[in-house]
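Read in order, the letters of the sequence shown correspond to residues 46 to 130 in the numbering used here. Beta carbons: idealized from backbone N, C-alpha and C, even for Gly. The structure displayed is predicted, hence computed values, not measured ones.
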Amino acid sequence: NLRSLEYLNLSGNLLRRLDETSFMDLRQLKDLNLQRNIMFEIDGAFGNNPNLQRLNLAFNYLPCLTDFDMTQLVVLNASHNIIEW
């Protein structure tokens with residue numbers, strides 16, 4: 046049971062895609078490191094993480110950050126992606 050997990054490092058794991066079920070049971074998650082994967086889609090992946098404060102998405106292939114309503118975030122690193130404005 047990982048429901049009380051607060052810190053998770055999944056960097057460098059060749060993850061490609063996340064969806065709304067990826068972290069849905071990790072409601073206590075505060076710090077998530079997803080840097081250096083090959084992610085191009087994260088649609089709705091963090092909607093069930095109300096305590097998430099630090100999110101590292103650096104060095105992926107994300108073209109955009111849509112539906113990103115996470116006002117509780119303190120730190121977001123989305124550097125070195127292919128984000129289009």
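- Look at L59 here: in three-state DSSP terms it is coil, with no helix or strand label.
- Secondary-structure assignment with DSSP links L121 through a beta bridge to L100.
- Exclusion of the five residues before and after I128 leaves L107, P108, C109, L110 as the residues of its chain whose Cβ lies within less than 8 Å of its Cβ.
- Measuring C-alpha to C-alpha distances from R81 to each of F113, L47, R61, L74 identifies R61 as the nearest.
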